[in-house]
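Down below is the structure, laid out as structure tokens.
2 protein chains.
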Amino acid sequence: MRSLIRGVAVIRRPEEGVIPKADVIIESRRYAAVIEGGGAEGEFDRVIEGEGRLLVPGLVNAHTHLAMTLFRGLADDLPLMRWLEEKIWPAERKLTGEDVYWFSLLGLVEMIRCGTTAFADMYFFMEEVAAAVEEAKLRALLSYGIIATSEERIDSELKRAEAFARRWDGKAEGRIRAALSPHAPYTCGPEVWRQAAQLARELKIPIHTHLAETAEEVERFTAQHGKSPALWLEGLGVFAVPVLAAHCVHLSEKDMEILAAHGVTAVHCPSSNAKLACGIAPVAELLAAGVNVALGTDGAGSAGDLDMLEEMRWAALLGKLKAGDPEAVPAPQALSLATWRGAQALGGLKEWGTIEEGKRADGVLLSLEAAHLQPGHSPLSDLVYAAHSSDVVGVFVDGRPLLLEGELLTIDEERVRAECRARARKYR
Amino acid sequence: MRSLIRGVAVIRRPEEGVIPKADVIIESRRYAAVIEGGGAEGEFDRVIEGEGRLLVPGLVNAHTHLAMTLFRGLADDLPLMRWLEEKIWPAERKLTGEDVYWFSLLGLVEMIRCGTTAFADMYFFMEEVAAAVEEAKLRALLSYGIIATSEERIDSELKRAEAFARRWDGKAEGRIRAALSPHAPYTCGPEVWRQAAQLARELKIPIHTHLAETAEEVERFTAQHGKSPALWLEGLGVFAVPVLAAHCVHLSEKDMEILAAHGVTAVHCPSSNAKLACGIAPVAELLAAGVNVALGTDGAGSAGDLDMLEEMRWAALLGKLKAGDPEAVPAPQALSLATWRGAQALGGLKEWGTIEEGKRADGVLLSLEAAHLQPGHSPLSDLVYAAHSSDVVGVFVDGRPLLLEGELLTIDEERVRAECRARARKYR
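Each protein sequence line maps, in turn, to chains A and B. First residue of the first sequence? That's 1 in our numbering, and the numbers climb one at a time after it. First residue of the second sequence? That's 429 in our numbering, and the numbers climb one at a time after it.
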């Protein structure tokens, strides 16, 4: 299979800006050539017109709970603990694997439509999440969320997480990778963390967790343990394996140094952190300290949507607000959080995450025709500050189109919407 | 002309929540009936299918600089003063009336597509802005932006503003109203303000200005004048006429009391204030103090877009962040900022701004079918936290459709985009 995207504007990696016109050749699931100015020759199985369009690396949603699309709009405008205890946890007790399967597909429709090609997901009924991802043909890092505050749950929770990881890591032609997910320092004791870190080392997989989301949580934890959650995790040897730490809103300078020293990725979730009034993660400071920062939407139950285009704008704007500096988190940097820095977080940057010869052909094709993208002084700025999911006309993973000219190719969207509407009723 | 929107979900005003199904009758440019449950009888000139759709009051963008769509993406990620002095002011010296006309139309395309039916605009070449608005058939409060730091400019600037106001106030079947716009306390001396207030009283029109956008500006002004900009304007008698004060990021408690006492509207521009790192206006505090708060995008040159659906989400989320309270600025309140509170700001609330019998039929019809709006537990929450401009299928002003089933009816969009792309080149 040999494909050509003809005469398209390209961002190979955000730091390099925009190539105004190129022919992009995809062969055997990889980018084979980016010919500046165009002029590709030869036979192609598929030719996609690129004029008036922009090709960028696929967006990476590095922290979400996919199936929580089920809870979108169920309970908004509440504090985190009331939202969890009064609304989400009671509703989650009714969850079935089938529901998780269908609402995962719903989330995947939304993610594809906004240009997401890879994501990191932590939830329950992960077999069903994995089945949905395999069908829809995105790339994903999946993990079962371990909550073990009491001793007797440790074994069964870790076993469940391990069984999922062993079964799914490397599956779906290598697009699915597994992680281990103790939920957070305050919901899992030291024994869980020690065993999870040991197991992650054995299985050569990362840990995906929540860290320092609210000020109260960090204060309470620090008072109890005599050290910050980040220091505590370091002490348990958790950072000896690759870690994705979602949120990282409330960190000390020392915490940031630790994350940087161990190559931990901080996954910034700006709109979720705003909606739950948790604060703004110090993105400019984290990057300056040498921490890799990726971007995530969090679940649609808390944040409202899974829209990575919108999340990029949130990252750029809240980055400026937090730093008190309009030059902080400029557009190319915001795009890097959403692309190659996410690939690095998911452990895939050697193989995918930029549009470079030899890399897996993951990408998003956007139309630049809409009124809100005119007059087009800077397609990169416009992408970050003005583009919408409705501008996305093509999405590719491993060179395979998941969306083309507005049509989803791997999911029966109409059926998914109907199933989800019917299944949602019992949760109201 | 008698129109029916059949079997549609309706938000008459945000505080009343959602009527799941109603027949809405529009007659002689006004809402004639909202029949809960449906069952409208009689003959209609136009019937619009409302199933799976939501009708809400038209969105009001209470602070923008429409023609600055010309500068979208021209210069991002810069501090306000460098952005103005190095990029925008030199570019504005090349501005022509024709350019303003075409880029106003471009802005109007974008505004209609995201459900905006009314807006307050302040800029130059206002004759051309007004001509574009009259053609496109939105509702608008228009004003020439007065900048007069030197004595000799006062007369000519005020005369120009007055001439525009006298010519256009009440025109376009009453959809266009005029205002006076001394640009800000720090760019216009006391004589301008006194004369403008006097003239506004005579002409029975409001004043639309900028207030307390950056901390530095407020500090410098207060040091120079011995009082805050708000107190200073009150002392000059400016608040004796209705005032729209854009931004209001940096206000004291006393300032808020003054705004409340005089019925001044604070126009919140959350994404612009974030992008320029100005801060977050204290929306929850302003509302608690009794100040009317409306919502604006600011110009697309600074904020990136004119999308009021997105701006509502920004208002809700930054409102929570600023208050440190996830219950602050809940979804219905965010929608009120974008609808009836904007109508109040523009001086129109008696005539339009809610979906109630006898009011002017301004409204937005949104499809609830997209994946990102499923499963639909709460259409009002989904509208604020997840809807996109691509969900907008109908826009009405005075009962006249400006957009229907995705098609713009008052603007030749393709021609506008082509003109704007061509005209933009000389500004690069």
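C-beta atoms are modelled at their ideal positions from N, C-alpha and C, and glycine is treated no differently. No experiment lies behind these values; they were computed from the predicted model shown.
From B:Tyr614, B:Ala717, B:Trp660, B:Ala560, residue whose alpha carbon lies closest to that of Ser578 (chain B) = Among B:Tyr614, B:Ala717, B:Trp660, B:Ala560, the Cα nearest to that of Ser578 (chain B) is on B:Tyr614.
With a threshold of 16 other CB atoms inside 10 Å of the CB of Asp382 (chain A), please say whether the residue is buried or exposed.
-> buried
Residue range of the unbroken alpha helix (DSSP H) whose run includes Arg53 (chain A) = Counted as a single uninterrupted DSSP element, the stretch harbouring Arg53 (chain A) is not any alpha helix (DSSP H) but the beta strand (DSSP E) occupying residues 53 to 57.
Going along chain B, which residues have a C-beta under 7 Å from Val109 (chain A)?
-> Ala799
DSSP three-state call for Tyr427 (chain A): helix, strand or coil?
-> Looking at Tyr427 (chain A) - three-state DSSP - the assignment turns out to be helix.
Buried or exposed by the 16-neighbour rule on C-beta atoms within 10 Å, applied to Gln802 (chain B) | buried
For the beta strand (DSSP E) that Cys121 (chain A) lies in, which residues bound it at each end?
-> Sequence inspection shows Asp at residue 121 (chain A); the Cys mentioned does not correspond to that position. Per DSSP, Asp121 (chain A) belongs to the beta strand (DSSP E) from 116 to 123.
Terminal residues of the alpha helix (DSSP H) in which Phe531 (chain B) lies | 525 to 541
Beta-carbon gap between Leu138 (chain A) and Leu402 (chain A) smaller than 8 Å | yes
Based on the DSSP output, what are the partners of Phe824 (chain B) in its beta bridges?
-> B:Gly791, B:Pro829
Pick from A:Glu310, A:Met308, A:Ser252: whose alpha carbon is nearest that of Pro282 (chain A)?
-> A:Ser252
If you compare alpha carbons, which of A:Ala338, A:Glu369, A:Glu98 is closest to Leu306 (chain A)?
-> A:Ala338
List, in order along the chain, the chain A residues whose C-beta lies closer than 8 Å to that of Leu746 (chain B)?
-> The contacting residues are Ala274.
Indicate the three-state DSSP secondary structure (helix, strand or coil) for Lys750 (chain B) in the structure shown.
-> helix
Out of curiosity, what's the CA-to-CA distance linking Pro807 (chain B) and Glu369 (chain A)?
-> Computed Cα separation, rounded: 30 Å.
Counting only beta-carbon atoms, is Leu335 (chain A) nearer than 8 Å to chain B?
-> Output row for Leu335 (chain A): interface = no.
Using a threshold of 8 Å, state whether the C-beta atoms of Ser367 (chain A) and Leu309 (chain A) are closer than that.
-> no
Relative to the alpha-carbon of Cys676 (chain B), which residue among B:Gly480, B:Gln772, B:Arg430, B:Ala712 has its alpha-carbon at the smallest distance?
-> Minimum Cα distance to Cys676 (chain B) is reached at B:Ala712.
Of all Cβ atoms in chain B, is any one closer than 8 Å to the Cβ of Ala132 (chain A)?
-> no
Ends of the alpha helix (DSSP H) at Pro429 (chain A)?
-> Residue 429 (chain A) lies beyond the stretch modelled for chain A, which goes from 1 to 428, so this question has no answer here.
Does the beta-carbon of Trp89 (chain A) have 16 or more other beta-carbons within 10 angstroms, so that it is buried, or is it exposed?
-> It counts as exposed.
Which chain B residues sit within Cβ distance under 9 Å of Arg72 (chain A)?
-> His800, Leu801, Gln802, Pro803, Gly804, His805, Ser806, Ser809, Asp810, Tyr813, Ala814
Expected contact under 8 Å - CB spacing of Ala184 (chain A) and Ala165 (chain A) to nearest Å = Ala184 (chain A) to Ala165 (chain A), Cβ: 19 Å. No contact.
Of the choices A:Val397, A:Leu199, A:Glu36, A:Asn292, whose alpha-carbon is the least far from that of Arg341 (chain A)?
-> A:Asn292
Considering only residues of the same chain and omitting the five flanking positions on each side of Trp511 (chain B), which have a CB-CB separation below 8 Å?
-> Ala503, Leu704, Ser730
Minimum Cβ-Cβ distance from Arg13 (chain A) to chain B less than 8 Å | no
Hey, Arg113 (chain A) and Leu365 (chain A) are a contact pair by Cβ (cut 8 Å); roughly how many whole angstroms apart?
-> Not a contact, Cβ separation roughly 13 Å.
Span of the beta strand (DSSP E), counted from its first residue to its last, around Asp451 (chain B) = Secondary structure note for Asp451 (chain B): its beta strand (DSSP E) is the uninterrupted segment 447 to 455.
State the CB to CB distance for the pair Ile146 (chain A) and Ala130 (chain A), rounded to an integer number of angstroms; the pair is presumed to be in contact (CB under 8 Å).
-> No, Ile146 (chain A) and Ala130 (chain A) are not in contact; Cβ-Cβ is about 17 Å, not under 8 Å.
From the beta carbon of Asp735 (chain B), is the nearest beta carbon of chain A less than 8 Å away?
-> Yes, because at least one Cβ of chain A sits closer than 8 Å to the Cβ of Asp735 (chain B).
Are Ala568 (chain B) and Val528 (chain B) closer than 8 Å when you measure CB to CB?
-> no
What are the partner residues of Val692 (chain B), as DSSP defines its beta bridges?
-> In the DSSP output, where bridge partners are listed per residue, Val692 (chain B) has none listed.
How big is the Cα-Cα spacing for Val395 (chain A) and Ala387 (chain A)?
-> 15 Å
Touch test, the region 661 to 668 of chain B against the region 596 to 605 of chain B, Cβ-Cβ under 8 Å, three pairs minimum = no
List the DSSP bridge partners of Cys188 (chain A).
-> A:Ala148
Helix, strand or coil: how does DSSP classify His800 (chain B) here?
-> His800 (chain B): helix per DSSP, three-state reduction.
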